[in-house]
Amino acid sequence: MSPIPEIPTYLQSLAAEAPTNYLATNPEHQRFVQDAAVAIQEDDATRENHDAVVDALLAWDNGIPLALHLAAKLAKSRNLVANLKEPVRLSVVFAVYKENHRLLRPEEHEAGEDFLRRKVAQLDWLASASTNLSWELLAVDDGCPESSGRLIERMAKEEGFENVRVLYLEEAIRQNLPIAGKLESTDQSRKGGSIIYGLWEASRKTEADKDQIVLFTDADLSTHLGQAGLLIDPILNEGKEVAMGSRRETTSVVVKKGTRNLRGKLFIYLWKRMLSPALLEIIDTQCGFKAFRAETARSILDDLLERGFAFDVELLLKAEQRNADGLAKVPIAWIDSEAESTTTALSPYLTMLQSIAAMNRKYLPANPEAGAFVNFIESLDETQWNRLVDNVPEPIATGDPQRFGHFDEVSIDALRSILQEKRA
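Be aware that the sequence shown starts at 440, since it is given in the numbering used here, and climbs by one per residue.
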């Protein structure tokens with residue numbers, strides 16, 4: 440790699456040493472990003488301004504390995520944890536459904552990520568920066584037919600992971616726990632039911648002498664949990680109630696595969712049309728990396744409509760209505776893990792949009808324009824949705840989602856014309 444004079448010499452050296460094709464499943468790559476993060480964190484020139492490192496690396500995006508971008512995010516996160524003044528308890532929740540292959544090591548299965556060991560190692564690494572951070576990891580079985588929860592329990596016992604717990608949504612339903620809502624079976628949950636149950640369980644066990652933060656993430660390794668300090672900071676130091684990782688900010692670092700980006704843009708445009716001006720500054724509602732004050736979580740988990748993939752949107756809506764200035768967006772590093780993505784397999788976008796339409800009716804005052812989009816979304820079937828996905832209007836396909844809150848160039852009539860053209 441040629442020298443990059445605009446960044447410090449030690450960063451140039453790290454860039455030269457970095458793996459060119461970073462893999463979250465590769466232990467050597469994990470060691471590199473964490474060691475590089477410590478080097479960045481402890482460098483005297485950048486100790487007080489890790490954002491400058493991130494900016495410098497992003498300015499040379501085409502010449503800097505992904506691993507070093509991630510290391511810069513981790514350095515900032517770990518430094519924030521190192522500066523904690525009071526004890527903090529972090530509970531990390533994730534749902535599991537058909538994760539039996541991803542639990543395995545890469546050499547054991549082509550989809551193996553060894554994600555439980557990796558998540559524990561990432562949290563251990565972050566917490567090693569300060570005795571003021573303690574953590575637990577809660578896996579919630581979403582009714583997995585492959586017994587992912589039992590497999591995690593067994594592995595945690597074998598590895599001596601005392602900080603790992605497993606919950607079962609099926610048990611919450613069987614016990615008629617209020618947090619299970621109207622669920623009669625785990626078949627009615629699509630991740631949301633389990634995440635909500637996990638957040639409820641984590642947030643109700645408070646410790647008087649500690650700040651408590653509950654965070655949810657995805658089962659895969661798309662988000663390195665060493666970045667949790669980035670979410671903890673605005674909650675503890677800026678008075679925020681919710682901190683959400685975002686893949687769509689200027690300093691976000693994202694590697695995304697497949698065709699989900701166009702579908703994602705269409706999804707954002709349509710939910711914005713139904714909810715705006717609510718969540719006006721929020722773009723990436725679906726990033727699986729969000730943290731809440733425990734008391735905030737407790738207050739917004741009651742009486743929810745959604746137990747499917749759109750649960751994030753409802754939690755954010757309720758949090759914003761509780762405190763209009765209580766939400767923080769946090770740019771993160773995110774590397775797509777699509778090999779066995781249950782979200783991709785289920786193609787949930789239309790279902791999510793129709794759930795968001797119901798949220799409009801429950802939480803927001805009547806608005807003719809939003810109401811028209813609500814009616815349009817509720818009228819769509821899967822075939823019609825797929826036609827829209829295959830023919831995303833150019834202003835949406837090429838548009839900047841950051842502008843979609845105020846961007847209304849694609850009307851319902853324009854969307855209907857796509858459906859009519861294809862039918863003809």
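For each residue, glycine too, the CB sits at the ideal point set by N, CA and C.
Going by DSSP, which residues form a beta bridge with residue i?
{"i": "E481", "result": "DSSP output for E481 lists no bridge partner at all."}
{"i": "I671", "result": "Note: I671 sits in no beta bridge, so no partner."}
{"i": "K768", "result": "M683"}
{"i": "E575", "result": "S530"}
{"i": "T656", "result": "F728"}
{"i": "V694", "result": "I774"}
{"i": "V535", "result": "D580"}
{"i": "Q651", "result": "R528"}
Quick one, which of the options has its alpha-carbon nearest residue i's?
{"i": "A853", "options": "H845, N830, G838, G844", "result": "N830"}
{"i": "I674", "options": "L507, Y461, R528", "result": "R528"}
{"i": "E680", "options": "A578, K729, G703", "result": "K729"}
{"i": "G678", "options": "Y636, L664, N762, R556", "result": "N762"}
{"i": "R737", "options": "W710, I851, T645", "result": "T645"}
{"i": "E549", "options": "W639, N539, K558", "result": "N539"}
{"i": "Q451", "options": "K537, Y461, I479", "result": "I479"}
{"i": "P716", "options": "Y802, A658, A767", "result": "Y802"}
{"i": "A647", "options": "Y461, P526, A484", "result": "P526"}
{"i": "R712", "options": "A749, L496, F812", "result": "F812"}
{"i": "N602", "options": "A749, R556, S685", "result": "R556"}
{"i": "F731", "options": "I635, V535, T485, E598", "result": "I635"}
Distance check for residue j and residue i, CA to CA, integer angstroms please.
{"i": "A595", "j": "W574", "result": "15 Å"}
{"i": "A476", "j": "E848", "result": "43 Å"}
{"i": "R800", "j": "P832", "result": "27 Å"}
{"i": "D626", "j": "L453", "result": "47 Å"}
{"i": "G727", "j": "S569", "result": "25 Å"}
{"i": "D775", "j": "G502", "result": "20 Å"}
{"i": "H845", "j": "V472", "result": "39 Å"}
{"i": "P447", "j": "N825", "result": "49 Å"}
{"i": "T662", "j": "E745", "result": "24 Å"}
{"i": "E552", "j": "L789", "result": "29 Å"}
{"i": "P787", "j": "S691", "result": "25 Å"}
{"i": "P807", "j": "E547", "result": "55 Å"}
{"i": "R593", "j": "F600", "result": "10 Å"}
{"i": "P804", "j": "K558", "result": "42 Å"}
{"i": "S900", "j": "I722", "result": "It is not possible to answer for residue 900, since the shown part of the chain is limited to 440 through 863."}
{"i": "F843", "j": "Y708", "result": "6 Å"}
{"i": "K524", "j": "D672", "result": "12 Å"}
{"i": "P584", "j": "K537", "result": "7 Å"}
{"i": "T459", "j": "N571", "result": "35 Å"}
{"i": "V520", "j": "W564", "result": "11 Å"}
{"i": "A491", "j": "T485", "result": "7 Å"}
{"i": "D483", "j": "T689", "result": "26 Å"}
Looking at residue i: is its Cβ nearer than 8 Å to the Cβ of residue j?
{"i": "F655", "j": "F554", "result": "no"}
{"i": "S516", "j": "G668", "result": "yes"}
{"i": "L827", "j": "I795", "result": "no"}
{"i": "L509", "j": "A772", "result": "yes"}
{"i": "G765", "j": "A758", "result": "yes"}
{"i": "H489", "j": "N522", "result": "no"}
{"i": "A514", "j": "H468", "result": "no"}
{"i": "L792", "j": "W710", "result": "yes"}
{"i": "D580", "j": "K630", "result": "no"}
{"i": "Q651", "j": "A566", "result": "no"}
{"i": "L608", "j": "S586", "result": "no"}
{"i": "A619", "j": "G632", "result": "yes"}
{"i": "L660", "j": "A463", "result": "yes"}
{"i": "A511", "j": "V531", "result": "no"}
{"i": "L755", "j": "T735", "result": "no"}
{"i": "P840", "j": "R702", "result": "no"}
{"i": "A836", "j": "K704", "result": "yes"}
{"i": "Q561", "j": "G665", "result": "yes"}
{"i": "S685", "j": "V605", "result": "no"}
{"i": "L577", "j": "A641", "result": "yes"}
{"i": "V535", "j": "A658", "result": "yes"}
Would you kindly report the start and end of the unbroken beta strand (DSSP E) that includes residue i?
{"i": "Y607", "result": "603–607"}
Note the first and the last residue of the continuous alpha helix (DSSP H) segment covering residue i.
{"i": "V849", "result": "Per DSSP, V849 belongs to no alpha helix (DSSP H) and is neither H nor E."}
{"i": "K512", "result": "505–521"}
{"i": "K617", "result": "The sequence shown places Pro at residue 617, rather than the Lys named in the question. It is not in any alpha helix (DSSP H) - P617 carries neither H nor E in the DSSP assignment."}
{"i": "E734", "result": "733–739"}
{"i": "L755", "result": "750–761"}
{"i": "N825", "result": "821–829"}
{"i": "A568", "result": "Here A568 belongs to no alpha helix (DSSP H), and DSSP marks it neither H nor E."}
{"i": "Q451", "result": "448–456"}
{"i": "F812", "result": "807–818"}
{"i": "S642", "result": "631–642"}
{"i": "L590", "result": "587–598"}
{"i": "H489", "result": "489–498"}
With a threshold of 7 Å, establish whether the CB of residue i neighbours any heavy atom of the ligand NAP.
{"i": "R593", "result": "With respect to small molecules bound, the structure shown includes none, and the ligand NAP cannot be examined in it."}
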